[in-house]
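Following my numbering from start to finish, the sequence shown increments by one per residue and tops out at 693. Just so you know, even glycine gets a beta-carbon here, dropped at the ideal spot from N, CA and C. Below: one structure, written as structure tokens.
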Amino acid sequence: MSTHSSVLLQDWETPFGLPPFSQIQPEDFGPAFDAALSVAEADVEAIANNPDAPSFDNTILALETAGEKLTQVASVFFNLSGAHTNPTLQATEREIAPKLAAHSSRILLNPALYQRIESLNATKQTLNLDAEQERVLERYTTSFQRAGAALSDEAKQRISEITQRLATLGTQFAQNVLADEANYKLVLKDEQDLAGLPSFLIEAAREAAQDRGEDGAYVITLSRSSIEPFLQFSKRRDLREKAFKAWASRGENPGETNNLEIITETVALRHERARLLGYDNFAAFKLDDTMAKTPDAVASLLDSIWLPARAKALEEVADLQDMASSLGDNVEIAPWDWRYYAEKVRQQRHELDEEQVKPYFQLDKMIEAAFDSANRLFGISFRELHEVDRYHPDLKVFEVLDADGSHRGIFIGDYFARTSKRSGAWMSAFRKQHRTRGTVAPVIVNVMNFSKAPAGEPTLLTFDDARTLFHEFGHALHGLLSDVTYPVISGTSVSRDFVELPSQLYEHWLSEPEVLQRFAVHYKTGAPIPQELLDRLLAAANFNQGFATVEYLATAIVDMAIHSEADPETFEPQSFEQQVLEKIGMPSQIVMRHRTPHLAHAFAGDGYSAGYYSYIWSEVMDADAFEAFKEAGDPFHPETAARLKQAIYSAGGRQDPEDAYIAFRGKMPSIAPLLKGRGLMTENEAA
């Protein structure tokens, strides 16, 4: 093992225990993983073969603290593989994914371990456990059972093989999508190519061109912060079509990055695993441990929103067609036209020009707004750290302080798009909060893909970009405010259809006028956003919601259908996707937000597989949850905020999600606030 790889296994004596990034080389991870896996295997064997009678401490607590170095190495590795990868890391990821899956199977399918856990579960009434310990024991029991610990040896062997193969497939899927995104560039060379593009996009495209060796030209990439505004403003319909088709076909292009066979095999293996575990299909298995519980419950929710959303979208189609005709454009609206003509309608209806709005949404000011809202709600504050080690010079690093000035954790912001980063936006942790070995403070990271401004210029965001920032910071707060003892229930370790509640709820504060009036200030003059512009911006909040809801719901419906209805023997991703969309009456002018070949949520690991519905499930709750602040008459109402922190943001997975929500709100929500909030229901209908 090299000196560098041994650094990965050390107790880091760095400020706040942050990873010593500058001392770590990509080739160090392979040896470090091998060494850490060996120690972790020994830890687990010692627990399983402990001659003492099982107790909470010698079994559950011991498992919680086993393999700490493996957790340390993996947390650094997988954060880098998503946010700042390279060929060496990708090769290591392909090699290590099945090894880690095999290690997980050896734990979860270990008969001696399962016997100890089952013994504790059977006698839990006599163990004098507190409520948190009871929840942790329940989580372990459920995890082992869902992994197949109670199956025959033959079935367990097959489950292990499936798990390892799925890990390999998920890794390759993600790398294929990243390759398609990183390798694509639409090169714009002259004024004709730039027709209609606002100055902020031209500057971002010039910067992207320089990064990709196209000096003197302009480049549009497949990052949302690049391609979406291009589709919104470009007058060149031929270029819009070219870029859109590249965006929509990620993962299904001919060649090595094609994901269709990966999806087909993944679906078959997931179905086989579910059947081995006694479920009819993978969706039934996946949902059994969520708030939704059953595919029927999800279908009921999605169906109830689909019909009004589709109707709204068809109204919007007519508006776009009318706009095209009024401009003398003899076109039938196609998917690559939607954003272009929608922008024209928005400008006409709400007198909103993105070049007017964007100067008021500086990245640094929106970060400050997110921090200030958290301070007013939860009492925490942020102090920027300038001298700490980081994995990329663009990172912003902050110490998070509690109201009494004590250390709460570290927050890292990684905001800009680059070819080494997968697309999208997410929150992750380099270290989770827990108290199994004293107080361990969290290290949380938000990763985004905003287009970086030229040197010396402030990065300006769209209002949607700012909403994404608030969304991911809501996830970050879930990790930073976590206040539990055990890692297995720390922070975002909750059911998938509950984990989006803290993030989606936090978006609401961005739209509060008092937040915008204070932080939406012009980047040149410092003047606050004019009230009349702010009024128009907020009035347009529900503009294009038919489109937004339909493109999202279509993805959720296809994801659920694949995992509950598809016959693994005859399943073919493209034709199945098309059949589902035809069945629900998908408008031809709209494409799924994430088509199956690049639906990383579902196929780059199990994360949101049969779970993409989770965003709308959580939105039902977040729309209702913010009503609590409206009812209190104050978006920062102290008592309501304290209850929110206690029941949701700091509680992690300490209790069942439904109980957690009721602890905050007193009842489960109805769907009406969501439909009203998205403009799919009138005030009279909601009453």
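Unbroken beta strand (DSSP E) run spanning residue i, endpoints
i, result
"Val406", "Lys402 to Leu407"
"Asp420", "His413 to Phe422"
"Pro224", "The question names Pro, but residue 224 in the sequence shown is Tyr. Where Tyr224 is concerned, the enclosing beta strand (DSSP E) stretches over Tyr224 to Ile226."
Opening and closing residue of the alpha helix (DSSP H) in which residue i lies
i, result
"Val82", "Glu74 to Ala89"
"Tyr120", "Pro117 to Ala128"
"Ile590", "Pro579 to Ile590"
"Thr646", "Pro644 to Leu650"
"Asp628", "Ser620 to Ala638"
"Asp49", "Phe35 to Ala54"
"Thr272", "Leu266 to Leu282"
"Gln661", "First-last for Gln661: undefined, no H or E at that position."
"Lys248", "Arg243 to Ala254"
"Ile208", "Ser205 to Asp217"
"Glu360", "Glu360 to Val363"
"Glu349", "Trp344 to His356"
"Gly552", "Gln551 to Ser570"
Residues near residue i in its chain [Cβ-Cβ closer than 8 angstroms; skip 5 each side]
i, result
"Met687", "Pro314, Ala678 and Leu681"
"Arg352", "Leu358, Ala546, Phe549 and Asn550"
"Gly385", "Asp408 and Ala409"
"Pro593", "Arg316, Ala319, Leu320, Val323 and Val556"
"Lys299", "Leu293"
"Ala161", "Gly154 and Leu282"
"Met297", "Ser501, Asp503, Phe504, Trp623, Pro663 and Glu664"
Cross-strand partners of residue i (DSSP beta bridge)
i, result
"His440", "Val446"
"Met433", "Asn452"
"Val527", "Pro534"
Three-state secondary structure (DSSP) of residue i
i, result
"Ile386", "coil"
"Met454", "strand"
"Ser676", "coil"
"Val778", "Because the chain in this structure spans residues 7 to 693, residue 778 falls outside the shown range and cannot be described."
"Pro534", "strand"
"Gln368", "strand"
"Leu466", "strand"
"Val337", "coil"
"Leu511", "helix"
"Leu320", "helix"
"Leu391", "strand"
"Asn92", "coil"
"Trp18", "coil"
"Ile596", "coil"
"Gly257", "coil"
"Val142", "helix"
"Ile30", "coil"
"Val500", "coil"
"Met297", "coil"
"Gln198", "coil"
"Leu605", "coil"
"Met6", "The chain is shown only over 7 to 693; residue 6 falls outside these bounds and no answer can be derived."
Residue i classed as buried or exposed, judged by whether at least 16 other C-beta atoms fall within 10 angstroms
i, result
"Leu333", "exposed"
"Ala52", "exposed"
"Pro6", "Given that the chain is displayed from residue 7 to residue 693, the structure contains no residue 6 and the question cannot be resolved."
"Leu400", "The sequence given here places Asp at residue 400; Leu does not occur at that position. So Asp400 counts as exposed."
"Glu321", "exposed"
"Asp695", "One cannot answer for residue 695 here, as it falls past the ends of the chain, which runs 7 to 693."
"Val564", "buried"
"Asn85", "buried"
"Lys191", "buried"
"Lys673", "exposed"
"Gly415", "buried"
"Glu267", "exposed"
Chain-order list of residues whose beta-carbon lies under 7 angstroms from that of residue i (same chain, five-residue window excluded)
i, result
"Ser310", "Ile677"
"Phe719", "The structure shown does not extend to residue 719, since the chain spans only 7 to 693, so no value can be given for it."
"Gln139", "Phe62"
"Gln661", "Arg141"
"Gly683", "Ala629"
"Leu694", "Nothing can be reported for residue 694, as the shown portion of the chain is limited to 7 through 693."
"Asp186", "Arg256, Gly257, Asn259 and Thr263"
"Ala188", "Thr425"
Spatial neighbours of residue i in its chain, beta-carbon cut-off 6 angstroms, leaving aside the 5 residues before and after
i, result
"Lys402", "Gly419"
"Leu184", "Arg428"
"Pro694", "Nothing about residue 694 can be read from this structure; the chain reaches only from 7 to 693."
"Leu158", "The question names Leu, yet the displayed sequence has Ser at residue 158. Closer than 6 angstroms at Cβ, skipping near neighbours: no residue."
"Gln510", "Ser624, Glu625 and Asp628"
Residue i CB to nearest heavy atom of the ligand FMN below 7 angstroms
i, result
"Ser426", "Among the ligands in the structure shown, none appear at all, so the ligand FMN cannot be discussed."
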